[in-house]
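Numbering (the numbering used here), first residue to last: 154 to 663. For reference, the structure is listed below as structure tokens.
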């Protein structure tokens, strides 16, 4: 057999040349990449800042809207749309100076009138947080074309934090009159909404008239992939550049893959099993106490979260002020006591309990363990699973006996941990679909929001937590930790200690 050396040499040289060219092109492509694809667990429900109550809507809104103040990855507050916020009269009044030269996506320029309109909308909107209604009661006054003054009913300990809340995202007042704010936007953010296919994909494009440093890439894409396994597969295959909510059993894959990187940070979320207190059997406190005793929280956290996060003991995360979590010992399982309590409550063995859960794999795994543990005390738990949007809708109907959810407040203040989940005004909404109501707790929450002295606030919130734990409208299970996976090509991602992230600073490298 004759080998044609010349042709073989030329062929090998050509292949090598093509390989080197491909490698060079690949590295260049990474640097010049014009889209960032992120796999998320669920879709946004609404883009209206005044009515959202879920992390996925918050994530979408933070790309298109901005607030007066914001927080960095370490929780430090900085000026965003506000050039300055000056306190007067010992916290009774605040003068806010608006940043100049900021444009909305429609091309209109941000004015003081836009900010005043948004503040009034939050206060007047019955669907928005009552936090603002309770403190901004006296007046909102325009000083000049760049400044306004807010007069509070009384000094408020977390006012600066409140100005970072996505509820106060600034919308163009003129555009708001003609837009369906649930699905359309006119904000000042670094991206503007290009296309939204509900439950599938949300596409944002770079806003080239953005007032600050513009993103390096042109498009930001959120791909809705409910299953954690599938998000990981897409990340490994290069179908996405980043994946949210990596399953604990996939962490080792991330750590071992030279092409991927991992981002981890303890967050402010509290994950819980909530009781529907509007109907039997869990309108009976003995039944709620029985379930709490039947559960082995350590087994749940160890089995499902595999060393990520911690067992929860209080409704306020230990990462927030005035939490009593570190002072409370985690509840130990007591099957015999659970059976005695069920008997005292008149609940027969074999009683069927409906447990609702959304399409989050970890929550489904929690539900499976809860089902098994409650079977040990004679309860027949039927687990029903829903896509996120349908989940939010079905919980409004109060058909469930229990449901699994989490609460991660946008404002890291005790009021934000307690108001929406436990105040009577919010019964039947968001994290309080379980209809919890206690007038003493209401009074403490209202007192806490209007108190400035730290020692007094700590006393108020300690008492509120103790009452809530005694009433047991829910069983707190887990204090969360965020785990995200990403391509090694991603640089300058500043991970915030909450679900909603901001991507404007992300760049691509080799």
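Ideal placement from N, C-alpha and C gives every residue a C-beta, glycine not left out.
For this session: Counting only runs of 4+ residues fully inside the region 299-369, write out the alpha helix (DSSP H) ranges in chain order.
Result: 312-315, 326-329
Problem set entry | Buried versus exposed, by CB contacts within 10 Å (16 or more), residue 412 | exposed
Exercise. Mind pulling the beta strand (DSSP E) runs of 3 or more residues that sit fully within the region 562-623?
Worked result: none
Exercise. With a cut-off of 8 Å, does the C-beta of residue 376 fall near any C-beta of chain D?
Worked result: Protein chain content of the structure displayed is limited to a single chain, and chain D is not contained in it.
For this session: Tell me, please, which residues DSSP counts as bridged to residue 533.
Result: 505
For this session: Determine, using beta carbons only, whether residue 429 and residue 555 come nearer to each other than 8 Å.
Result: yes
Exercise. Buried or exposed: where does residue 298 fall if 16 or more other Cβ atoms within 10 Å of its Cβ makes it buried?
Worked result: exposed
Exercise. Using the beta-carbon count (16 or more within 10 Å), is residue 654 buried or exposed?
Worked result: buried
Problem set entry | Length of the line joining the Cα atoms of residue 579 and residue 662 | 46 Å
For this session: Decide if residue 606 is buried, meaning its Cβ has at least 16 other Cβ atoms within 10 Å, or exposed.
Result: exposed
Problem set entry | For residue 472, the three-state DSSP class (helix, strand or coil) | coil
Exercise. Buried or exposed: where does residue 216 fall if 16 or more other Cβ atoms within 10 Å of its Cβ makes it buried?
Worked result: buried
Exercise. For residue 638, is the classification buried or exposed, using 16 other Cβ atoms within 10 angstroms of its Cβ as the cut-off for buried?
Worked result: buried
For this session: Using 10 angstroms around the beta-carbon of residue 341, count the other beta-carbons present and answer buried if the total reaches 16, otherwise exposed.
Result: buried
For this session: Measure the C-alpha to C-alpha separation of residue 212 and residue 397 and round it to an integer number of angstroms.
Result: 11 Å
Exercise. So what does residue 292 bridge to, in DSSP terms?
Worked result: 304
For this session: Flag this pair as yes or no: are the beta carbons of residue 515 and residue 458 separated by less than 8 Å?
Result: yes
Exercise. What is the rounded straight-line gap between the Cα of residue 434 and the Cα of residue 618?
Worked result: 24 Å
For this session: Compute the beta-carbon to beta-carbon distance between residue 191 and residue 395, rounded to the nearest angstrom, for a pair I have assumed lies under 8 Å.
Result: 5 Å
For this session: Report all residues from its chain with a CB closer than 7 Å to the CB of residue 335; omit the five preceding and five following residues, and keep chain order.
Result: 199, 200, 201
For this session: Say whether the region 527-541 touches the region 495-503, bearing in mind that this needs 3 or more beta-carbon pairs closer than 8 Å, one atom from each stretch.
Result: yes
Exercise. Hey, out of 324, 424, 292, 451, whose CA is closest to residue 214's CA?
Worked result: 324
For this session: Give the range of the alpha helix (DSSP H) segment to which residue 374 is assigned.
Result: Element bounds for residue 374: not the alpha helix (DSSP H) but the beta strand (DSSP E), 372-377.
For this session: Evaluate contact between the region 561-571 and the region 412-428, counting only Cβ atoms and requiring at least three cross-stretch pairs below 8 Å.
Result: yes
Problem set entry | Contact belief for residue 195 with residue 379 at Cβ below 8 Å, rounded distance in angstroms | 6 Å
For this session: Could you spell out the range, first to last residue, of the beta strand (DSSP E) harbouring residue 519?
Result: Premise fails: residue 519 lies in the alpha helix (DSSP H), 514-528, not in any beta strand (DSSP E).
Exercise. Taking DSSP as the reference, what is the three-state secondary structure of residue 177?
Worked result: Note that residue 177 has pLDDT 43, beneath the 50 cutoff, so the model's placement of it is unreliable and the number below is only indicative. Helix.
For this session: Pull up the CB-CB distance for residue 541 and residue 512, whole angstroms please, since I reckon it's below 8 Å.
Result: 6 Å
Exercise. Can you tell which of 231, 246, 508, 241 has the C-alpha that lies nearest to the C-alpha of residue 252?
Worked result: 231
Problem set entry | Cβ contact (3+ pairs, closer than 8 Å) linking the region 263-273 and the region 351-358 | no
Exercise. From residue 242 to residue 321, what does the alpha carbon distance come to, in whole angstroms?
Worked result: 23 Å
Exercise. Per DSSP, residue 637 forms a beta bridge with which residues?
Worked result: 416
Exercise. Taking all protein chains shown into account, do 16 or more other C-beta atoms lie within 10 angstroms of the C-beta of residue 296, making it buried, or fewer, making it exposed?
Worked result: exposed
Exercise. From this set, 647, 595, 250, which residue's C-alpha is nearest residue 239's C-alpha?
Worked result: 250
Exercise. When we look at the beta-carbon of residue 488 and count the other beta-carbons within 10 Å, is it buried (16 or more) or exposed?
Worked result: exposed
For this session: Within 10 angstroms of the Cβ of residue 643, are there 16 or more other Cβ atoms? Answer buried if so, exposed if not.
Result: buried
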